[in-house]
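For reference, the structure discussed in these notes is given below.
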Amino acid sequence: MPTVTLNRAEFEKLVGKSIPDAQLRDRISYLGTDLDELTKSEIKVEIFPNRPDMLSEQGFARAFSSFIGVKTGLREYAVKKSNHKVIVESSVKAVRPYTACALVKGLRFDDEKIKEIIQIQEKLHITYGRNRKKVAIGVYPFEKIQTPIRFKALAPKDIRFRPLESSKEMSGLQVLSSHPTGKDYGHLLEGKPKFPLFVDANDQILSMPPIINSHEVGKIGLDTRDVFIECSGFDYSVLSTCLNMIVTALADMGGEIYSMEIEMYGKKMVSPDLSATPLAFDLGYLSKRLGIELSEAQVKELLGKMGHGYSKGKALVPSYRADVLHPIDLAEDIAIAYGYENIPEVIPKVSTIGAEKPFTIFCRKVSDILAGVGLLECKTYHITNKDYQTTLMNCSVPLISLSNALNKEFSVLSAWNIPLLLEVLRSNKHHEYPQHIYSLGSIFKKGQSDTGVVEQERLACLLCSEQADYTRSKQILDYLFRMIGVEYSIIAAEHPSFIAGRIGRVVVKGKKVAYIGEISPQVLSNWELDVPVSGFELNLSELFDVI
Amino acid sequence: MSSDIQNIAKNLHPLERKVVPYLATGMSLAELAQKSKLSIVEAMRALQWLSNRKALSITDEKKELIELGKNGTDYQKKGLPERRFLSALSSTPLGISQISKKAGLDSAEVNICIGLLKRKAAIDISKEKEMMISLTDAGKGLVSKETLEEKFLKKKFPLDPSSLAEEEKFAFSELKKRKGIVALNVSSQKIITLTDLGKKLKTVKVSGKVEDKLTSSMLKTGKWKGKTFREYDVSINVPAISGGKRHFVSQAVDYIRKIWLEMGFEEMSGNMVQTSFWDLDSLFVPQDHPAREEQDTFYIKDPASGTLPPIAKKIKDVHENGGDTGSSGWGGKWSPDVAKENLLRTHTTVLSAQTIARLRDSQIPSKFFSVGKVFRNESLDPKHLFEFYQVEGIVVDPDANFTHLKGYLREFFTKMGYPDVRIRPGHFGYTEPSAEIEVLHPVTKKWIELGGCGVFRAEVTKPLMGKEVPVLAWGLGLGRIISEYWNISDIRELYKNDLKQLREMKAWMK
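Each protein sequence line maps, in turn, to chains A and B. Residue 1 is where the first sequence starts when you use the numbering used here, and the numbers rise one by one after that. Residue 1 is where the second sequence starts when you use the numbering used here, and the numbers rise one by one after that.
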């Protein structure tokens, strides 16, 4: 999860008071964030993905200061009109259709501050921006730009500019193939006939979102005072919320926010829009969900501690909050402000009857019976590999593979479980014999279900010792069937993993439910085993269905 | 004192009785076994028992010994190859094949002999159809003279290297260079030191017969009457045995299941392969959520996708615009194709979603639990598994609220052995409010994170159940609890199936 590292002195200035360690620790964890590290000079906090607005020092300090009651209620940010324009051309509609923009003026930068802005941008890119796919953010020194700014798309070969930190000009495709950022994010533009661009009134390229800014006009420096900020992507309201997270942070840094007019596909809008979103809620609903009686005055105060305003039955949700979709989200904020630690514990008198699935009980009984005859239960993974399931077993079985396995060793779902136990035997050759083991686990095959995959529970049982033979395995199978009170018969069968003539199918009520036999010497040698093995694999799901 | 000794003597095990007369300080186990005509194992057992009685002590002594190799033993009987080679040669030159046949040597041995004897100038070699060997004068001298090596080989092995004379040392170093004749081995021997008690024990005459074992024939014939049985050292160590048993993870799973059952929860179960629809979409996880990415979730290659239930239409609305839930939804377009993708379930919450979707009004209020495997696309390392158990419970109750969640948690975790529970704000996409569960560790007195909880969002319950019924939910992984109980630091041990470990692992006693 993303973290934000705060300069403690700066943070306390933003919050409006100094806070002792113990209180910091306690309050940070009850605000819905995790404290990672706390020193005299630094605070490192983990931010949950629902609160990207806290990914800046300013955003976190704002939330914290409200939470501890220093500065509560909705923060008002003044937005001045700038008369500068951004025009979105129709050429960009097919590749990256929307942008939300703003100007922030009167900033004072030092190296620290520049680093901070880059940090905010990067953290939002990764989280809320879904690695720039959903939102890409650009920040530019406004002094170097002539408006109106146009957001348009050009064929990659017609694009030429010097990307950030590069020594030479490149074409659109060169940026993707040779610039480090182009290599990381190139997949977002690959194959598109046109690439999006921000260009100014002098046709200077500002950037090629979501990849990279221009080195000449896309880099803020120590002498930058005013910045142009744009967020580009596919959903205007998402872009607008993201822009608001950034401009409010910059305003808290001392900047003044100016609006721009955006002409977009025949519509004109003013950006940024920092007005709070009113969200109506029913006080009774919130009280009922939380289980605490709340008065209107109390709710107003609690909402204020979470940075919300309140007016006549409606919460005024700050424009930078991305996580308030439903009144229940207000309930959570109210609960946080109330303090999770202060919420009473109530054990309701609701009578229900506990029950296990009959099949679970059946499987446990089977397991107990096998343990009772001296076998050790093993626990194996359901993910294995083709070699184990087929090649080493001298047979072929239809397998279901993973499309994105991490490695070959764990790349298919088990289709039968004897191979999993042979693997156990192979890794235990240095231990004492006899090794008599069993396992219960699911097997996977194609069939009728909503996924097209059917799962069945199987019992695999292997005896490995000098004396392991068909008789001993059948004794165990026979004991198991006698104990569960099921009659069975065994018919001769063929199976390439077993010794010919020493392999049978177990039949219960006309249904073939198990293989039993002696593992063939070829298979044993494939597994590098030099002690005889016999055993069986029983389909518990089918057996349970017929009895 | 003397009666004590009498008593001890009387109760000696038959094996002990056999060794006692031969015991002497400084004697080795091997020597004792030989003298008492017992096997090494039997003699050792007798010594251990006697040591338990404080009649003697056993010390391990490391000793260098010169021992005969396989060839050495052979040559001791037949003579060294060069001797056999020389004897085979008479005054006339002989071909190599003849020599080898006459002396019973293989070609490797013949080659060694030629090299050796050449160096001693004992033979001449001439080449005709094959190599012809004849004796030189020096060689003729050697025929009747015993070499140092031969003398050495006649000694009784094993030999103490410190006892060797200079000539013998030379012979040893020569023979050591050759394959499998002699070797200097370090062996450890068990050496006996008698205590005063042991010395006395040797002198005691055992009077009166004691029976060693009660037999069924004694019982049938009544011969046991009037017999005394040898007294045992009841504190004695016995060889360890192990039994069949369920895997320790299964034992822990059973325990957790029992807690849920005691609390009136009904079991949920279901498939591990699921559609993204049930695993994620029905739980209001947006379609661009990072949890869906390939580096987090295992997808199935074939069949790559499944089918959607009729309820999918409602889920689409909820995602796009909130539907009738009062939510704004996530915006954007919801894709049925993304929802159809088959995956290995990422959480057991998929079972909770399916359960509430099937629930009829008459079944409310109700409580459900599941204990099942879930999957994450992670490499195995000491802290991570790609497949692990998740435990989860839900309470479906129109009157349920956040205070009840805290109450249930207290009850559940108290039963788990953690009576101190607290919750902190947390974040899970499908619950609101959400919380992290922390318990006070009873030994370290530190708060540890053990799970998560919350109340299902309206965006989850309303489309699945047709109305917004509060559903309290909480869950936890089993790994931490199991590792802690058995002191396991590498989580991979849970599925390592080391049979020695499985045999020796203590039982889950909770």
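Quick reminder that beta carbons are idealized off the backbone N, C-alpha and C, glycines included.
Is the Cβ-Cβ distance between residue i and residue j less than 8 Å?
i: A/Pro196; j: A/Val86; result: no
i: B/Leu405; j: B/Val455; result: yes
i: A/His436; j: A/Leu413; result: no
i: B/Ala400; j: B/Thr431; result: no
i: A/Ala355; j: B/Glu436; result: no
i: B/Gly244; j: A/Gly186; result: no
i: A/Leu425; j: A/Thr380; result: no
i: B/Ser335; j: B/Glu459; result: no
i: A/Val299; j: A/Leu283; result: yes
i: A/Val523; j: A/Met393; result: yes
i: B/Tyr299; j: B/Asn342; result: yes
i: B/Gly331; j: A/Asp323; result: no
Could you have a look at residue i and say whether DSSP puts it in helix, strand or coil?
i: A/Gln204; result: coil
i: A/Glu116; result: helix
i: A/Ala165; result: The identity of residue 165 of chain A in the sequence shown is Glu, whereas the question assumes Ala. DSSP places A/Glu165 in coil when its eight states are reduced to three.
i: B/Val238; result: coil
i: A/Phe544; result: helix
i: B/Trp334; result: coil
i: A/Cys461; result: strand
i: A/Lys13; result: helix
i: B/Ser489; result: coil
i: B/Asp324; result: coil
i: A/Met245; result: helix
i: A/Glu216; result: coil
i: B/His404; result: helix
i: B/Met1; result: Any reading at B/Met1 must be qualified, since the residue scores a pLDDT of 49, below 50, and its modelled position is unreliable; the value itself is stated next. B/Met1: coil per DSSP, three-state reduction.
i: B/His319; result: helix
i: A/Tyr285; result: helix
i: A/Ile516; result: strand
i: B/Ile58; result: strand
DSSP puts residue i in a beta bridge; with which residues?
i: A/Leu6; result: A/Ile43
i: B/Asp511; result: Given a span of 1 to 510 for chain B in the structure shown, any question on residue 511 of chain B remains unanswerable.
i: B/Cys453; result: B/Ala435 and B/Trp474
i: A/Phe444; result: A/Glu455
i: A/Glu122; result: DSSP, once it has assigned bridges, lists no residue as partnering A/Glu122.
i: B/Trp224; result: BP columns for B/Trp224 are empty, so no partner.
i: B/Glu267; result: B/Phe369
i: B/Phe277; result: Answer by DSSP bridge pairing: none, since B/Phe277 is not bridged.
i: B/Arg83; result: The partner list for B/Arg83 (beta bridge, DSSP) is empty, contrary to what the question assumes.
Buried or exposed: residue i, going by 16 or more other Cβ atoms within 10 Å of its Cβ?
i: B/Lys374; result: What sits at residue 374 of chain B in the sequence shown is Val, not Lys. Its Cβ being crowded by 16 or more others within 10 Å, B/Val374 is buried.
i: A/Gly452; result: buried
i: B/Pro382; result: exposed
i: B/Met1; result: With a pLDDT of only 49 at B/Met1, under the threshold of 50, the placement of this residue in the model should not be trusted; the figure read from the coordinates follows. Exposed, since its Cβ has fewer than 16 Cβ neighbours within 10 Å.
i: A/Glu409; result: exposed
i: B/Leu15; result: buried
i: B/Met509; result: exposed
i: A/Gly309; result: buried
Residue i versus chain B: which residues are under 9 Å apart at the beta carbon?
i: A/Asn428; result: Asn497, Asp498, Leu499 and Lys500
i: A/Asn549; result: This structure cannot speak to residue 549 of chain A, because chain A is shown only from 1 to 547.
Chain B partners of residue i, CB-CB under 8 Å?
i: A/Gln435; result: Leu499
i: A/Thr380; result: Tyr495 and Asn497
i: A/Pro2; result: Chain B residues near A/Pro2: none, gap ~11 Å exceeds 8 Å.
Just the chain A side, please: which residues come within less than 8 Å of residue i by C-beta, in chain order?
i: B/Thr325; result: His326
i: B/Met263; result: Gly354
i: B/Thr444; result: Chain A residues near B/Thr444: none, gap ~18 Å exceeds 8 Å.
i: B/Gln274; result: Thr451
I want to verify the contact list: residues of chain B whose CB lies under 7 Å from the CB of residue i, in sequence order.
i: A/Arg321; result: In chain order: nothing, as chain B lies at least about 12 Å away.
i: A/Phe444; result: Val273
Could you tell me which chain A residues have their CB closer than 9 Å to the CB of residue i, listed as they occur along the chain?
i: B/Trp334; result: Within chain A, no residue comes near B/Trp334; the closest Cβ sits about 13 Å away, beyond 9 Å.
What does residue i reach in chain A if we use C-beta pairs closer than 7 Å?
i: B/Pro433; result: Ala331, Glu332 and Ala335
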